[in-house]
Amino acid sequence: MRIVLLGPPGAGKGTQAVMLAERLKYLHLSTGDILRENVKKGTDIGKKARAFMEKGDLVPDDIVIEMMLDTIKAGAKGKDFILDGFPRTIYQAKKIGTELDNLGMPIEMVVYFETSLKTVVFRLTGRRLCKNCGANYHVVNMPPKKQGVCDKCGGELYLRKDDNEDTIKKRLEVFNSQTKELIDYYKDKGILEEVSGDLDAETVYKKLFGILNDRDKVRN
Ligand code: ADP
Ligand code: ADP
Ligand code: ZN
Numbered sequence: 000m001r002i003v004l005l006g007p008p009g010a011g012k013g014t015q016a017v018m019l020a021e022r023l024k025y026l027h028l029s030t031g032d033i034l035r036e037n038v039k040k041g042t043d044i045g046k047k048a049r050a051f052m053e054k055g056d057l058v059p060d061d062i063v064i065e066m067m068l069d070t071i072k073a074g075a076k077g078k079d080f081i082l083d084g085f086p087r088t089i090y091q092a093k094k095i096g097t098e099l100d101n102l103g104m105p106i107e108m109v110v111y112f113e114t115s116l117k118t119v120v121f122r123l124t125g126r127r128l129c130k131n132c133g134a135n136y137h138v139v140n141m142p143p144k145k146q147g148v149c150d151k152c153g154g155e156l157y158l159r160k161d162d163n164e165d166t167i168k169k170r171l172e173v174f175n176s177q178t179k180e181l182i183d184y185y186k187d188k189g190i191l192e193e194v195s196g197d198l199d200a201e202t203v204y205k206k207l208f209g210i211l212n213d214r215d216k217v218r219n
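Take a look at the structure:
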């Protein structure tokens with residue numbers, strides 16, 4: 000299956016994408032992760048994207064679309080994948096929709112993580128990432144065994160620059176004004192599914208897995 004995960008920042012898209020990708024051997028393509036990697040390496044894309052990301056604005060459509068399309072063409076042909084955090088505007092959705100249709104690999108399912116404001120603010124302020132391997136923690140919900148240290152690789156954990164209250168507020172505004180309309184867009188296409196992002200990670204995962212199974216596409 001080719002899946003899109005849609006939801007506000009902090010809904011748990013990345014966490015679920017990692018779990019599903021591991022279990023189903025799907026590719027996990029996170030636009031935020033790919034952008035952050037570009038910023039870290041100082042590539043042209045990274046240089047263009049950095050200021051937008053730090054402010055909590057969306058990176059311009061054309062940059063993101065080209066980057067994601069290149070990534071998909073390079074590594075995802077004939078494979079199942081999860082797009083995490085992409086598309087985020089109607090323009091991106093239309094453009095990637097057409098391109099993937101033409102490649103014979105249309106998006107088959109979009110899952111919307113309906114999540115309360117209270118949940119996302121708590122999750123984002125407590126989110127910590129591993130500098131080395133990118134693993135995702137939460138200081139309260141999913142703490143590492145040793146504070147500030149990654150369970151998987153021993154790397155140092157950090158707080159994302161854009162996970163501060165002001166930028167979180169901005170990102171939520173951006174979600175409401177530019178991304179939320181994708182719910183109806185995909186509902187009209189008949190490929191939208193919904194889960195509550197407020198539930199604990201294991202429950203969300205079970206529900207997601209159930210949805211996938213119901214669509215009878217999962218090859219266990
Ligand atoms: P979160 O899921 O916490 O919102 P992401 O890691 O998905 O964060 O995204 C971080 C930042 O990267 C966004 O605030 C935005 O600046 C940029 N970004 C990610 N995905 C997109 C996208 N599809 N279009 C434009 N900008 C994006
Ligand atoms: P997104 O990719 O949607 O921005 P993340 O997957 O990065 O969200 O999750 C945001 C934060 O919340 C992380 O710190 C993560 O560990 C934590 N988290 C994710 N899913 C859950 C959940 N279902 N219950 C509690 N905490 C969660
Ligand atoms: Zn690590």
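At position 139 of the sequence shown the residue is numbered 138 (numbering that gives the first Met the number 0), and the sequence of numbers has no breaks.
From the three backbone atoms N, C-alpha and C, an ideal C-beta is built for every residue, glycine too.
Keep in mind the model is a prediction, meaning the values are calculated, not measured.
Taking 8 Å as the threshold (C-beta atoms), are residue j and residue i in contact?
i	j	result
residue 4	residue 16	yes
residue 44	residue 66	yes
residue 19	residue 74	no
residue 211	residue 0	yes
residue 11	residue 203	yes
residue 172	residue 108	no
residue 28	residue 79	no
Looking only at its own chain, which residues have a Cβ that is under 6 Å from the Cβ of residue i, when we skip the five neighbours before and after it?
i	result
residue 9	119, 122, 123
Using DSSP with H/G/I as helix, E/B as strand and the rest coil, what is residue i?
i	result
residue 157	strand
residue 199	coil
residue 85	coil
residue 52	helix
Is the closest heavy atom of ligand 2 to the C-beta of residue i under 7 Å?
i	result
residue 25	no
residue 35	no
residue 12	yes
Hey, is residue i close to ligand 3, as in C-beta under 7 Å from one of its heavy atoms?
i	result
residue 222	Residue 222 lies beyond the residue range present for the chain, which begins at 0 and ends at 219; the question has no answer from this structure.
residue 147	no
Less than 7 Å separating the Cβ of residue i from some heavy atom of ligand 1?
i	result
residue 211	no
residue 118	no
residue 127	no
Return the chain-ordered list of same chain residues with a C-beta closer than 7 Å to the C-beta of residue i, the five sequence neighbours on each side being excluded.
i	result
residue 219	At residue 219 the pLDDT is 47, less than 50, meaning the model places this residue with poor confidence; the figure from the coordinates comes in the next sentence. Around residue 219: no qualifying Cβ.
residue 160	53
residue 197	114, 115, 118
Whose C-beta lies closer than 8 Å to the C-beta of residue i among residues of the same chain, with five residues either side of it excluded?
i	result
residue 58	34, 47, 48, 51, 52
residue 167	8, 9, 55, 119, 120, 123, 124, 161
Extract the residue ranges of the beta strand (DSSP E) inside the stretch 104-138, only unbroken runs of 3 or more that lie entirely within it.
108-113, 126-129, 135-137
Unbroken stretches of the beta strand (DSSP E), 3 residues or longer, contained in the stretch 11-64
26-29
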